[in-house]
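Enquirer:
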Amino acid sequence: MAAGSSEVGPPPDDATTASLTARGGGEAIVVLQTIVLFGVALHSLLTGLFLIVQPDAFMRWAGWGVARPSFFAAQGGVFHVLVVALYLRAARRVPERRVLVPYIVLVKTAAAVFLITYYLCVQGFPLILAAGLFDGSVAVVLTVLRRRASRAAARRAG
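The numbering used here applies: residue 18 is where the sequence shown begins, and numbers increase by one.
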């Protein structure tokens, strides 16, 4: 098997995505991807704002106590706000998903591994575990949707 290929066929290209959507066969997949990506964008925006502002009530609820100024938390918040643009671009521009979704899956998988490892080895706050499980779930859902889109494209091409 060639490098970068998969058993389910190549990722859908712009014409394939347009064809699937026009025929209705892949419309549900496109809609689900859009919903997931907009949801991830909203989640990242809220996470980023909470990391930057660190409201006392939320910090106590999450188990960290009263917030203390932290450059690194704020830096993480800025990162979360910046990746919102990536998620929104993938959500709004269907043809670009074939390039952006694999990168988003990589980011979400890395985040899940980091957060779950941090929860298990450093600080066992339930919110950290929940965030890791959320990121891992997003990676799985986007991977499944991408594979379904590829299979639908292969069926129509074959």
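Just so it is clear, CB atoms sit at the ideal spot from N, CA and C, and this is done for glycine as well.
Are residue 63 and residue 122 closer than 8 angstroms when you measure CB to CB?
Expert: Translated into the one-based positions of the sequence shown, residue 63 becomes position 46. Translated into the one-based positions of the sequence shown, residue 122 becomes position 105. Contact: no.
Enquirer: State buried or exposed for residue 175, treating a residue as buried only when at least 16 other CB atoms are found within 10 Å of its CB.
Expert: As a working mapping, residue 175 is identified with position 158 in the sequence shown. Its Cβ having fewer than 16 others within 10 Å, residue 175 is exposed.
Enquirer: Whose C-beta lies closer than 7 angstroms to the C-beta of residue 41 among residues of the same chain, with five residues either side of it excluded?
Expert: Here residue 41 refers to the residue found at position 24 when the sequence shown is read from its first residue. Because residue 41 carries a pLDDT of 47, less than 50, the predicted location of this residue cannot be relied on, and the following value inherits that uncertainty. Answer for residue 41: no residue qualifies.
Enquirer: Below 7 angstroms CB to CB, which residues in the same chain sit around residue 113 once its five sequence neighbours on both sides are set aside?
Expert: Here the question's residue 113 lines up with position 96 in the sequence shown. Excluding sequence neighbours, residue 113 sits near 106, 107.
Enquirer: Note the first and the last residue of the continuous alpha helix (DSSP H) segment covering residue 44.
Expert: Indexing the sequence shown from 1 puts residue 44 at position 27. Residues 44 to 70.
Enquirer: To the nearest angstrom, report how far apart residue 144 and residue 68 are at their CA atoms.
Expert: In the sequence shown, residue 144 corresponds to position 127, counting from 1. In the sequence shown, residue 68 corresponds to position 51, counting from 1. If you take the alpha carbons of residue 144 and residue 68, they lie about 13 angstroms apart.
Enquirer: Output the boundary residues of the alpha helix (DSSP H) element that contains residue 114.
Expert: Position 97 of the sequence shown, counted from the start, is the residue given in the question as residue 114. Here the alpha helix (DSSP H) through residue 114 covers 114 to 138.
Enquirer: For the alpha helix (DSSP H) that residue 87 lies in, which residues bound it at each end?
Expert: Counting from one through the sequence shown, the residue named residue 87 turns up at place 70. Here residue 87 belongs to no alpha helix (DSSP H), and DSSP marks it neither H nor E.
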